[in-house]
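Reading through the C-alpha cells given below for one structure.
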Amino acid sequence: MKRIAVVILNWNGRKMLEEFLPSVVEYSREEAEVIIADNASTDDSLAWLATHYPHLRTIVLDQNYGFADGYNKALEQVTDTDYYVLLNSDVEVTHHWLTPLLEAMDTHKDIAACQPKLLSYLNKDAFEYAGACGGYMDKYGYPYCRGRVFDTVEDDNGQYDHAQEILWATGACLMIRREYYWKAGGLDGRFFAHNEEIDLCWRLHNMGKKIYCLPESTVYHLGGGTLPKSNPRKTFLNFRNNLTMLWKNLPEPDLKSVMRMRLILDYVAAFQFLLLKRSWKECKAIIDGRRAFKQWRHEFPRNTQQRIKPQKGNRIEGQDDEQLANLLPDGRTNLFLLKEYYWGNRKRFSDLP
Numbered sequence: 002m003k004r005i006a007v008v009i010l011n012w013n014g015r016k017m018l019e020e021f022l023p024s025v026v027e028y029s030r031e032e033a034e035v036i037i038a039d040n041a042s043t044d045d046s047l048a049w050l051a052t053h054y055p056h057l058r059t060i061v062l063d064q065n066y067g068f069a070d071g072y073n074k075a076l077e078q079v080t081d082t083d084y085y086v087l088l089n090s091d092v093e094v095t096h097h098w099l100t101p102l103l104e105a106m107d108t109h110k111d112i113a114a115c116q117p118k119l120l121s122y123l124n125k126d127a128f129e130y131a132g133a134c135g136g137y138m139d140k141y142g143y144p145y146c147r148g149r150v151f152d153t154v155e156d157d158n159g160q161y162d163h164a165q166e167i168l169w170a171t172g173a174c175l176m177i178r179r180e181y182y183w184k185a186g187g188l189d190g191r192f193f194a195h196n197e198e199i200d201l202c203w204r205l206h207n208m209g210k211k212i213y214c215l216p217e218s219t220v221y222h223l224g225g226g227t228l229p230k231s232n233p234r235k236t237f238l239n240f241r242n243n244l245t246m247l248w249k250n251l252p253e254p255d256l257k258s259v260m261r262m263r264l265i266l267d268y269v270a271a272f273q274f275l276l277l278k279r280s281w282k283e284c285k286a287i288i289d290g291r292r293a294f295k296q297w298r299h300e301f302p303r304n305t306q307q308r309i310k311p312q313k314g315n316r317i318e319g320q321d322d323e324q325l326a327n328l329l330p331d332g333r334t335n336l337f338l339l340k341e342y343y344w345g346n347r348k349r350f351s352d353l354p
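Residue numbers (this note's numbering): 2 to 354.
Here you go:
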C-alpha cells in the first residue's frame, strides 16, 4: 500500500494529461499511487490513458459531477491510503515534490492539510493566481494569498519561502489526511466548482486543525484549464459559492453585519462591470449569483458550534507569528481587503497591515 494517493480529476483534458501527467508519474512513483478520476469525459482521454498509461488506476464516473462532487465520488473508492493529494490536471510537479509535504504531515499530527508553493507554469518566476503561497480570507470573505492579492500577482523572490500556517490551501494541489477529509464532510458537492476548497479548509480550521503552506515543495500550475479567468459562469459560481460559504461558517455574531456589507459591495462590483467594463453578462452573473444564494441558503445548515481550540503541537520553525496574531478566532484576517487594496494602495501581501 502506498501511503499517498495522488488523484487527478479529469474532464475532457486529454491534452492536459499528455503534457502534465508524465512529470506526475515520474516524480511520484516512489511515494504515491497516481490515480485518474474521469468525470465522464467525451474526448479521447480514456483511450489515451489506456494506450500510454495502462498501469495507472482509473476511476470512471458516470456523469460530470464537477470538481467538488467529482472528487467526493472518486475518493469514496480510494480507501487504502493515509493521505489524498487532490491535483489539477494542469499541474507540473518537481523532483521530490511530495517529500516535504509528507514529512511535515507525519511529524505534525495537528496539520490536517497542506499545499506546496504554487508558481505559474507560463512564467515560472511568478506565483500562480489560484493559491500562490497559501491562502487567507478577510473579514468580509474575500480570499487572497501570500503572493497574490486580488489580480496583483507577485514575482517569487523567495519572500515567502518559510512554512506558514494559513486558512486555506489551494485545490490545485491539496494534500489532506484521508481521515479528516471525511470527518469534515469532504468537499461540498453542491458548490460544483469554486470556493469548495476554502469551505473545506475553513471547516477543518473550526475543528481545531491546522492548514499549512510548505514552500520547500514547488509545483507549476497552468491555470484556467476548464474555464477562462473572465467568464460569466465562473463569476456566478464564485459569488454564489462564496456567499454560501460565509452563510455556513461565519460565527453567529458576525453573520448579519458581514452579509449587509456584502450586499453593498457585491452590487458595487456588479455595476463596476456594467459601467466601467461594459460587461452586462458579468454584471448579471453577480446578481444571479446573489439570487441563487438567497434561494438555496436554507438548504445548508449553519455551523454554529464554537471553534475547537487546536491542540498544541510541535511548532514549525520559521513561520511568521505576527501574521497569525492578525487572525480572528474563526480564521479570517481582521482586514477590509478592498479598502487596503484600492484606497491604501497595498497591493502586495507583504504590504498589508
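Where is the CB? At the ideal position from N, CA and C, for every residue including glycine.
Rounded separation between residue i and residue j - CA only
i: Leu-10; j: Asp-70; result: 11 Å
i: Thr-43; j: Thr-100; result: 35 Å
i: Leu-228; j: Gly-319; result: With a pLDDT of 47 at Leu-228, under the threshold of 50, the modelled position of this residue cannot be trusted; read the value that follows with caution. Straight-line Cα distance between these residues: approximately 37 Å.
i: Lys-210; j: Glu-253; result: 21 Å
i: Asn-327; j: Trp-98; result: 30 Å
i: Glu-104; j: Pro-55; result: 30 Å
i: Ser-351; j: Leu-275; result: 32 Å
i: Gly-226; j: Ser-46; result: With a pLDDT of 46 at Gly-226, under the threshold of 50, the modelled position of that residue is not reliable, and the figure given next carries that caveat. One C-alpha to the other measures close to 15 Å.
i: Val-7; j: Trp-344; result: 42 Å
i: Phe-337; j: Ile-60; result: 43 Å
Where residue i falls, given that 16 or more other Cβ within 10 Å makes a residue buried
i: Gly-159; result: exposed
i: Phe-272; result: exposed
i: Gln-296; result: exposed
i: Pro-144; result: buried
i: Lys-340; result: exposed
i: Ile-112; result: buried
i: Ile-5; result: buried
i: Leu-123; result: exposed
i: Ile-277; result: The amino acid occupying residue 277 in the given sequence is Leu; Ile does not appear at that position. Exposed is the call here.
i: Asn-335; result: exposed
i: Met-2; result: exposed
i: Leu-264; result: exposed
i: His-299; result: exposed
i: Ser-231; result: exposed
DSSP bridge partner residues for residue i (one or two, in chain order)
i: Arg-149; result: Cys-146 and Val-154
i: Ser-121; result: His-222
i: Phe-128; result: Leu-120
Where the alpha helix (DSSP H) containing residue i begins and where it ends
i: Leu-102; result: 100–108
i: Ala-6; result: Premise fails: Ala-6 lies in the beta strand (DSSP E), 5–11, not in any alpha helix (DSSP H).
i: Val-26; result: 15–29
i: Leu-39; result: Before going on, a small fix: residue 39 reads as Asp here, not Leu. It is not in any alpha helix (DSSP H) - Asp-39 instead sits in the beta strand (DSSP E) that spans 33–39.
i: Leu-205; result: 197–207
i: Arg-263; result: 253–276
i: Arg-292; result: 281–297
i: Asn-49; result: Reading off the sequence, residue 49 comes out as Trp, not Asn. Taken as a continuous stretch (DSSP letters only), the alpha helix (DSSP H) holding Trp-49 covers 46–53.
i: Arg-234; result: 233–250
i: Gln-324; result: 322–326
Cβ distance (whole Å) where residue i is taken to contact residue j below 8 Å
i: Ala-114; j: Ala-170; result: 5 Å
i: Asn-207; j: Asn-304; result: 6 Å
i: Tyr-161; j: Arg-147; result: 5 Å
i: Cys-174; j: Val-220; result: 5 Å
Element boundaries [beta strand (DSSP E), containing residue i]
i: Cys-134; result: It is not in any beta strand (DSSP E) - Cys-134 carries neither H nor E in the DSSP assignment.
i: Val-94; result: Unbroken run through Val-94: none, as it is neither H nor E.
i: Glu-166; result: 165–167
i: Thr-59; result: 58–61
i: Leu-175; result: 174–178
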